[in-house]
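Participant: One structure coming up, written as structure tokens, with questions to follow.
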Amino acid sequence: MNPFKLEVEELERKARSVRRKIIKLNANSPAGGHTGADLSQVEIVTALYFRILNCAPDRLTDDTRDIYIQSKGHAVGGYYCCLAEAGYFPEAWLPTYQHNDSHLPGHPVRQKTPGVELNTGALGHGLPVAVGLALAAKRDASPRKVYVLTGDGELAEGSNWEAALVAAHYKLDNLIVINDKNNLQLAGSTESIMKTDPLDKKWQAFGFNVTQCDGNNVASVVETLEGLKAEGKPNVVIANTIKGAGVSFIAGRPEWHHRVPKGDEVELALKELSDV
Amino acid sequence: MSNSEHFANIMVQCFIDAVQNGVDLVPVVADSTSTAKIKPFVDAFPDRLVNVGIAEQVLVGTAAGLALAGKVAVTCNAAPFLISRANEQVKVDVCYNNTNVKLFGLNSGASYGPLASTHHSIDDISVMRGFGNIRIFAPSCPRECKQIIDYVIAEEGPAYIRMDGKALPELHDENYQFVAGEPSLLRSGKQVVICALGSVVHEAVAASDILKEQGIDVSVVNVSSIRPLNKQALAKMLGETKHIISVEEHNINGGLGSVVAEIMAEQGIVAKLVRLGIEDGGYAAAGDRPYTRKMLSIDSMGIVAVCQQLLQSEILNA
Numbered sequence: 021m022n023p024f025k026l027e028v029e030e031l032e033r034k035a036r037s038v039r040r041k042i043i044k045l046n047a048n049s050p051a052g053g054h055t056g057a058d059l060s061q062v063e064i065v066t067a068l069y070f071r072i073l074n075c076a077p078d079r080l081t082d083d084t085r086d087i088y089i090q091s092k093g094h095a096v097g098g099y100y101c102c103l104a105e106a107g108y109f110p111e112a113w114l115p116t117y118q119h120n121d122s123h124l125p126g127h128p129v130r131q132k133t134p135g136v137e138l139n140t141g142a143l144g145h146g147l148p149v150a151v152g153l154a155l156a157a158k159r160d161a162s163p164r165k166v167y168v169l170t171g172d173g174e175l176a177e178g179s180n181w182e183a184a185l186v187a188a189h190y191k192l193d194n195l196i197v198i199n200d201k202n203n204l205q206l207a208g209s210t211e212s213i214m215k216t217d218p219l220d221k222k223w224q225a226f227g228f229n230v231t232q233c234d235g236n237n238v239a240s241v242v243e244t245l246e247g248l249k250a251e252g253k254p255n256v257v258i259a260n261t262i263k264g265a266g267v268s269f270i271a272g273r274p275e276w277h278h279r280v281p282k283g284d285e286v287e288l289a290l291k292e293l294s295d296v
Numbered sequence: 039m040s041n042s043e044h045f046a047n048i049m050v051q052c053f054i055d056a057v058q059n060g061v062d063l064v065p066v067v068a069d070s071t072s073t074a075k076i077k078p079f080v081d082a083f084p085d086r087l088v089n090v091g092i093a094e095q096v097l098v099g100t101a102a103g104l105a106l107a108g109k110v111a112v113t114c115n116a117a118p119f120l121i122s123r124a125n126e127q128v129k130v131d132v133c134y135n136n137t138n139v140k141l142f143g144l145n146s147g148a149s150y151g152p153l154a155s156t157h158h159s160i161d162d163i164s165v166m167r168g169f170g171n172i173r174i175f176a177p178s179c180p181r182e183c184k185q186i187i188d189y190v191i192a193e194e195g196p197a198y199i200r201m202d203g204k205a206l207p208e209l210h211d212e213n214y215q216f217v218a219g220e221p222s223l224l225r226s227g228k229q230v231v232i233c234a235l236g237s238v239v240h241e242a243v244a245a246s247d248i249l250k251e252q253g254i255d256v257s258v259v260n261v262s263s264i265r266p267l268n269k270q271a272l273a274k275m276l277g278e279t280k281h282i283i284s285v286e287e288h289n290i291n292g293g294l295g296s297v298v299a300e301i302m303a304e305q306g307i308v309a310k311l312v313r314l315g316i317e318d319g320g321y322a323a324a325g326d327r328p329y330t331r332k333m334l335s336i337d338s339m340g341i342v343a344v345c346q347q348l349l350q351s352e353i354l355n356a
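What follows is the structure in structure tokens.
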């Protein structure tokens, strides 16, 4: 059971709050950040933690809890902001992001941050581990579902496709892969660097049940995730997003892959993200 | 020899015993069912094995996921493919995440002989020593192999077990007790200390027996536990002579030869060290075991010759 079960309108408010935290978190970082990637995944992670996931801050040792894996580990800033918003650790930790010996390093570390399930950062690691978790849940007849969020540039890592074969072979319909398809990666557009399209056909060919949603629209994300069926096939949700979504001067701009807001940009962004 | 046993058979029996004793152990293979000789386990527990196909990255990632879900995950495939192909999964999913995965590097070293260097793992110890959290073992004989496997299954956390690919004879009697971290003195002598690990321990023991007949008195130390390692205990054994030889079917860089050199330097042991193994920048020859070992001077006669040369140079320099 999710302890929040928020309705769409409340989720939208939460998403704005998470985005405000992302702006401040990155502005305060001594070592840069991944603002664009943090922002593109906000609706997905917010919907998961405030409605979908059968998980709560006081159930981190419950063997039946759902598991969320942040495979696009560089977007850990957005992940931290959502975990803090949901009460997994004190919000007072957020200003320590990437500071020396912080609870919140620049990629997820489960030994340091309550709620983080897997250390990632090297790309293409989340899905194979998620396959192991989902397989264990099947074998144990556990109600657990395993969610893994990947980037789209990340899908060039071959380990994803090794894992895709195994997921389909073992009929892991308790596994939900979400592709944060923002069409941008470190050095430019995914289309120009290594295109993944037609992504839906690739997953279909690998034996997945494929769904698409507007990944920056909470209603679309919720409807899609709640509509998934467990019918003997692993699920993939291609969440079409905009990198940097929510802030006009960050959205869709590749230079914000590794940029953080500075000076007036912070106030401008927070103004755009206010609730009124 | 009649008491020889293949380590993979020992491994599989340990797995069967563990599950029968209530351990939620799940072997993961990469089409390596025959390499792992795992059929008796599958016969006993038809629904336990996970086979991910020929895909080492997902082999290790899946094992880490199974471990995070509470299983004792054991991967069983050929060491060269585990180490090289799944290097980052070992580093991140197993070591960094500190998951309860036991990595069995089967047919390690140059066990695959004539199949050539794609199939040799001459860097596995050096690679594993570069990673955090993981324990590293290299059994040399059946009793030690069984006890190491029982130990790693019982202990929470990552482990790498370097498994030779041939049936090997026993070195210990029934009173043997493996203690993680402790080097074991198999032969005691004053003139040379030979340190070895894994299957070449047998070459070192054979060399010491040949030398004894020639009136030369050497120690043989089996360093089956690379991490943890009681460095003081090994230093004490090394400090007994002025001549030390390390023997391994592994590159001399990063393996046992490096371990011994580091301990000598750190503990201030002044002695001549000869590191036998695959030379700096080299590969093992593609050939059968006697040929490959002869080329590297890690067979018993090669070790004997190196001991004789060391002692001869001592006389000449005196």
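Top to bottom, those sequences are chains A and C. The numbering used here puts the first residue of the first sequence at 21, with every later residue one more than the last. The numbering used here puts the first residue of the second sequence at 39, with every later residue one more than the last. Note that CB positions come from ideal geometry on N, CA and C, so glycine has one too. Just so it is clear, the structure is predicted and the values come from calculations on it, not from any experiment.
(1) Mark M39 of chain C as exposed unless 16 or more other C-beta atoms lie within 10 angstroms of its C-beta, in which case mark it buried.
(2) Mapping the DSSP letters down to three states, classify Q229 of chain C as helix, strand or coil.
(3) Measuring straight from C-alpha to C-alpha, what distance separates A51 of chain A and V28 of chain A?
(4) Opposite V232 of chain A in the DSSP bridges: which residues?
(5) Using only alpha-carbon positions, find the residue among A:A112, A:G264, A:L248 that is nearest to Q205 of chain A.
(6) Quick check: the segment 283 to 294 of chain A against the segment 88 to 107 of chain C, are there 3 or more CB pairs under 8 angstroms?
(7) Please work out which residues of its chain come closer than 8 angstroms, Cβ to Cβ, to L293 of chain A, disregarding the five sequence neighbours upstream and downstream, and give them in chain order.
(8) Please return the same chain residues whose Cβ sits closer than 7 angstroms to the Cβ of D318 of chain C, not counting the five positions on each side in sequence.
(9) By Cβ distance below 6 angstroms, which residues in the same chain neighbour S162 of chain A in space, the five residues on each side in sequence not counted?
(10) In chain order, what residues of the same chain have a beta carbon less than 7 angstroms from the beta carbon of H210 of chain C, not counting five sequence neighbours either side?
(11) Have a look at L153 of chain C and G325 of chain C and give me their C-alpha separation to the nearest angstrom.
(12) Excluding the five sequence neighbours on either side, which residues of its own chain have a C-beta within less than 7 angstroms of the C-beta of D337 of chain C, listed in chain order?
(13) Can you grab the Cα-Cα spacing for the pair Q347 of chain C / Q127 of chain C, in whole Å?
(14) Checking contacts by CB at 8 angstroms: is R79 of chain A closer than that to chain C?
(15) If I follow the unbroken alpha helix (DSSP H) through Y69 of chain A, where does it start and stop?
(16) In angstroms with no decimal places, state the Cα-to-Cα distance between K280 of chain C and F216 of chain C.
(17) Note down, one range per segment and in chain order, each beta strand (DSSP E) of at least 3 residues found wholly within the segment 128 to 159 of chain A.
(18) Cβ of K109 of chain C less than 8 angstroms from any chain A Cβ?
(19) For the alpha helix (DSSP H) containing K201 of chain A, list its first residue and its last residue.
(20) For H145 of chain A, which residues in chain C fall below 8 angstroms Cβ to Cβ?
(21) Residues of chain C with CB closer than 9 angstroms to the CB of V168 of chain A, please, in chain order.
(22) Chain C partners of S179 of chain A, CB-CB under 7 angstroms?
(23) Quick one, which of C:V112, C:L104, C:A68, C:A101 has its alpha-carbon nearest V50 of chain C's?
(24) My understanding is that Q61 of chain A touches A95 of chain A, with C-beta atoms under 8 angstroms, so please give their C-beta distance in whole angstroms.
(25) Less than 8 angstroms between the beta carbons of A124 of chain C and I264 of chain C, yes or no?
(26) Taking G103 of chain C and V149 of chain A to be in contact with their CB atoms under 8 angstroms, please state how far apart those CB atoms are, rounded to whole angstroms.
(27) Note down, one range per segment and in chain order, each beta strand (DSSP E) of at least 3 residues found wholly within the segment 196 to 242 of chain C.
(28) Rounded to whole angstroms, what's the CA-CA distance from A16 of chain C to I163 of chain C? Just pull it up for me.
(29) Can you check DSSP and say which residues form a bridge with R313 of chain C?
(30) Could you compute how far the alpha carbon of A271 of chain C sits from the alpha carbon of P128 of chain A?
(31) Tell me whether T81 of chain A is buried or exposed, calling it buried when 16 or more other Cβ atoms sit within 10 Å of its Cβ.
Facilitator: Judging by the given coordinates:
(1) Any reading at M39 of chain C must be qualified, since the residue scores a pLDDT of 46, below 50, and its modelled position is unreliable; the value itself is stated next. Classification for M39 of chain C: exposed.
(2) coil
(3) 34 angstroms
(4) The sequence shown places Gln at residue 232 of chain A, rather than the Val named in the question. DSSP lists A:I258 as partners of Q232 of chain A.
(5) A:G264
(6) no
(7) R36, R39, R40, I43, G266, V267
(8) I290, N291
(9) T84
(10) C179, R181, E182
(11) 8 angstroms
(12) E241, P328, R331
(13) 44 angstroms
(14) no
(15) Looking at the DSSP string, Y69 of chain A is not in any alpha helix (DSSP H), and its letter there is neither H nor E.
(16) 28 angstroms
(17) none
(18) yes
(19) Unbroken run through K201 of chain A is the beta strand (DSSP E), 195 to 201; no alpha helix (DSSP H).
(20) G99, E126, Q127, V130, D131
(21) Result: empty, since nearest Cβ-Cβ is about 10 angstroms, beyond 9 angstroms.
(22) Q95, V96, G99
(23) C:V112
(24) 6 angstroms
(25) no
(26) 4 angstroms
(27) 197 to 200, 222 to 225, 230 to 234
(28) Not covered by the structure: residue 16 of chain C. The range shown for chain C is 39 to 356.
(29) C:S284
(30) 39 angstroms
(31) exposed
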